[in-house]
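Residues 37 to 155 in my numbering are what the sequence shown lists, from first letter to last.
Everything below concerns the one structure shown next.
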Amino acid sequence: MTLTELKYVLSLAHSKHFGEAVANCNVSQPALSIALKKLESELGLDLLERSKSSVWVTPLGEKLIQQAQRVLNAESAITDIAKSGENRLNSPLNLGVIFTIGSYLFPPFIPSLHSAWDN
């Protein structure tokens with residue numbers, strides 16, 4: 037089970053239409069169908085019922101979709117924390133190099149390292 041598969045199922049459950057779901061997910065219809073079948077096979081249950089014109093969620097699928105939404109919300113929160121940059125490493129960076137090589141290799145990029153990490 038992957039986050040991508042969960043995103044696809046949520047999109048399909050909300051739109052109730054393969055065409056809208058593939059547009060929302062920016063994937064092809066076969067890719068979405070394969071991901072859905074893979075997830076259903078892995079879980080051993082049908083999440084969605086399909087007809088030629090519509091898609092609807094099974095009762096057990098509804099429970100899974102609610103949990104999948106919580107998982108994706110948690111994933112989004114983790115991504116937001118990581119992007120916030122509030123927990124930058126503040127300890128000094130110590131590099132150990134052989135003197136004969138280090139004096140030739142490091143001088144060109146030491147200033148850019150220093151400016152990137154001003155501490």
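All residues carry an ideal CB built from backbone N, CA and C; glycine is no exception.
Notebook entry, point to check: Which ranges does the beta strand (DSSP E) cover as unbroken runs of at least 3 residues, wholly within the segment 54-99, from first to last along the chain?
Noted result: Within the segment 54-99, complete beta strand (DSSP E) segments of at least 3 residues are found at 84-86, 91-93, given in chain order.
Item checked: For F135, the three-state DSSP class (helix, strand or coil) -> Here DSSP, grouped into helix, strand and coil, assigns F135 to helix.
Item checked: Cβ-Cβ separation, E111 to L39 (assumed contact under 8 Å), whole Å -> At roughly 6 Å, the Cβ-Cβ gap stays under 8 Å, so L39 and E111 are in contact.
Next item on the list: For the alpha helix (DSSP H) holding S47, just list the boundary residues, first then last.
Entry: 39-51 is the extent of the alpha helix (DSSP H) around S47.
Next item on the list: Grab me the residues of E41's own chain with a C-beta within less than 6 Å of its C-beta, minus the 5 sequence neighbours each way, in chain order.
Entry: So the qualifying residues of the chain are A71, L75.
Notebook entry, point to check: Taking the C-alpha atoms as reference points, what is the distance between V93 and L84?
Noted result: In a straight line, the C-alpha of V93 is about 4 Å away from that of L84.
Notebook entry, point to check: Would you call F142 buried or exposed, if buried means 16 or more other Cβ atoms sit within 10 Å of its Cβ?
Noted result: So F142 counts as exposed.
Notebook entry, point to check: Can you tell me whether K43 is buried or exposed, with buried defined as 16 or more other CB within 10 angstroms of its CB?
Noted result: Its Cβ being crowded by 16 or more others within 10 Å, K43 is buried.
Next item on the list: Quick one: residues in its chain with C-beta nearer than 6 Å to the C-beta of A49, no 5 flanking neighbours on either side, listed in chain order?
Entry: Same-chain partners within the cutoff: V93, I101.
Checklist line | Burial state of V133 (16 or more Cβ within 10 Å) | finding: With fewer than 16 Cβ atoms within 10 Å of its Cβ, V133 is classed as exposed.
Next item on the list: Please report how far the alpha carbon of E98 lies from the alpha carbon of L131, in whole angstroms.
Entry: Their Cα atoms are separated by approximately 53 Å.
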